[in-house]
Each structure stands twice: as C-alpha cells, then as structure tokens.
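Residue numbers (the numbering used here): 18 to 204. All C-beta atoms, glycine included, are put in the ideal place defined by N, C-alpha and C. These notes concern the structure reproduced below.
So, in structure tokens, the structure goes:
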C-alpha cells in the first residue's frame, strides 16, 4: 500500500493505492461502526497538532465513509506501556454522529494489463471543517495512515493460517495512534 499526502490552504488530500486483487466487501452505510471489518483505508488526523482531539476517518472499497471526532481533553493519562489508560479512553468524547462537513471521497479498482491488481481510496478534507479556517504556512498538523486488509477472509489467509498483525489492530487502533503520538511528542 502506498499513501500520498498533500495540502494547501483549502484542505488536506490523501490518496491510498492498495495492491490487493481480492477484496472483502460487505454492505455498509455511512458511519457503520464495524466498517474496519472490511478492506478499508484509515486516516487519523489532528489538524491542530495539539494532541487534544483528532478525526478518525475510514473509507471502504465502495466509498462508504466512517468518521468520528475523538476529544482527549488537556491531560491524557498514559500507562507504563506507553498507551492511554483504559479509564482515560473511556472518558474520551467520541462523536460518530458529527460528520466532517464538505469531505470529498472516491474509490475505484486498479488494473494492470487488463487484470485487477487492487483498489484506491482518495479523500479531500476541507480545512474549514478540520481547522475552522484556512490552513497556513508553518502550521503543525499530525496524522497517521493505516490500511486494513481484512485478515479473516479465508481466501486471503489460507483459512486464517496466515493471519498476523503489524502495527495496526482494529480493536486498538485509536489507542495505538495515541501511543504513537505520545512517542512522537517526546522526539
């Protein structure tokens, strides 16, 4: 999977190119809470760069979007393992019904020599919705990008024999993101 990112004063654009001809696709609707149980691309973005809140955005192969805003507050509580504590995560405000206004997205299939080789996901996230105004030079934003190649598809995993994980687990992705942010902040 390749990710390209660019931004200007009007917004933030992201393109995922995913090599995978065998996709797990289920019917879903906007803000479907288990969209990650399909092949999806995901963005975590903190447009203020202050580690107090962020947007989580997922897009599946059928251009179905999940978005939620997560507000951490001013004093995150970190455990000895570098993750936010469970009690703190329970206190975070999750707003799945708060849709990011003006977002544009599209998905499609990739072909090479007439053979399907994968899919793409593309977003444009307007600065006015993410940040409340236009972005400007020197602005600090933080973002993390992730792709779920839904691991329990028996056709992809030889009936789950090939399942492993690397750096991103759907059930703990938000905590992993926050732990990464903590480590990054210390650099």
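Review point. According to the neighbour-count rule (16 or more other Cβ atoms, all chains shown, within 10 Å of its Cβ), is residue 157 buried or exposed?
Key: Within a 10 Å sphere around the beta-carbon of residue 157 sit fewer than 16 other beta-carbons, which makes this residue exposed.
Check your understanding: Which residues share a DSSP beta bridge with residue 126?
Key -> Answer is 136, bridged to residue 126.
Exercise for review: Identify every residue that forms a DSSP beta bridge with residue 143.
Suggested key: Looking at the DSSP assignment, residue 143 forms a beta bridge with 28.
**Study point:** Helix, strand or coil at residue 73 according to DSSP, with G and I counted as helix
**Key:** Strand, per DSSP.
Practice item. State the Cα-Cα distance for the pair residue 125 and residue 29, rounded to the nearest angstrom. Key: Whole-angstrom Cα-Cα distance: 20 angstroms.
**Study point:** 8 angstroms CB neighbourhood of residue 122 in its chain, flanking five on each side removed
**Key:** Cβ-Cβ distances below 8 angstroms link residue 122 to 76, 80, 82, 138, 139, 140, 141 in the same chain, with the five nearest sequence neighbours on each side left out; the list follows chain order.
Check your understanding: Rounded to a whole number of angstroms, what is the C-alpha to C-alpha distance between residue 207 and residue 120?
Key -> An answer regarding residue 207 cannot be provided, because it is not within the stretch 18 to 204 covered by the chain.
Review point. Counting Cβ pairs, one atom from each stretch, are 3 or more of them under 8 angstroms apart for the segment 148-165 and the segment 50-60?
Key: Counting Cβ pairs under 8 angstroms, three or more are found: they touch.
Exercise for review: On the DSSP bridge assignment, give the partners of residue 60 in chain order.
Suggested key: Beta-bridge annotation (DSSP): residue 60 is paired with 74, 162.
Review point. Which of helix, strand or coil does DSSP assign to residue 86?
Key: If DSSP states are grouped into helix, strand and coil, residue 86 belongs with the strands.
Practice item. Following the continuous beta strand (DSSP E) through residue 110, name the residue where it begins and the one where it ends. Key: Here the beta strand (DSSP E) through residue 110 covers 110-112.
Practice item. Return the chain-ordered list of same chain residues with a C-beta closer than 7 angstroms to the C-beta of residue 40, the five sequence neighbours on each side being excluded. Key: When the five nearest sequence neighbours on each side are left out, the beta carbons in the same chain lying within less than 7 angstroms of the beta carbon of residue 40 are those of 56, 78, 136, in order along the chain.
Exercise for review: Taking the CB atoms as reference points, tell me whether residue 70 and residue 87 lie closer together than 8 angstroms.
Suggested key: Yes, the pair counts as a contact, with Cβ atoms nearer than the cut-off.
Check your understanding: Among the residues of its own chain, which have a CB less than 6 angstroms from the CB of residue 74, if the five just before and after it don't count?
Key -> Counting only Cβ-Cβ distances below 6 angstroms, and skipping sequence neighbours, we find 60, 84.
Point to revise | Of the listed residues 65, 148, 58, nearest to residue 37 (C-alpha basis) | key: Each of 65, 148, 58 was checked against the Cα of residue 37, and the nearest Cα belongs to 58.
Point to revise | Inter-residue CB distance, residue 21 and residue 32 (contact presumed, cutoff 8 angstroms) | key: Between residue 32 and residue 21 the Cβ distance is about 5 angstroms, and since that is below 8 angstroms, they are a contact.
**Study point:** Assigned exposure category for residue 154 - 16 Cβ within 10 Å defines buried
**Key:** Counting the other CB atoms within 10 Å of its CB gives residue 154 a total below 16, which places it among the exposed residues.
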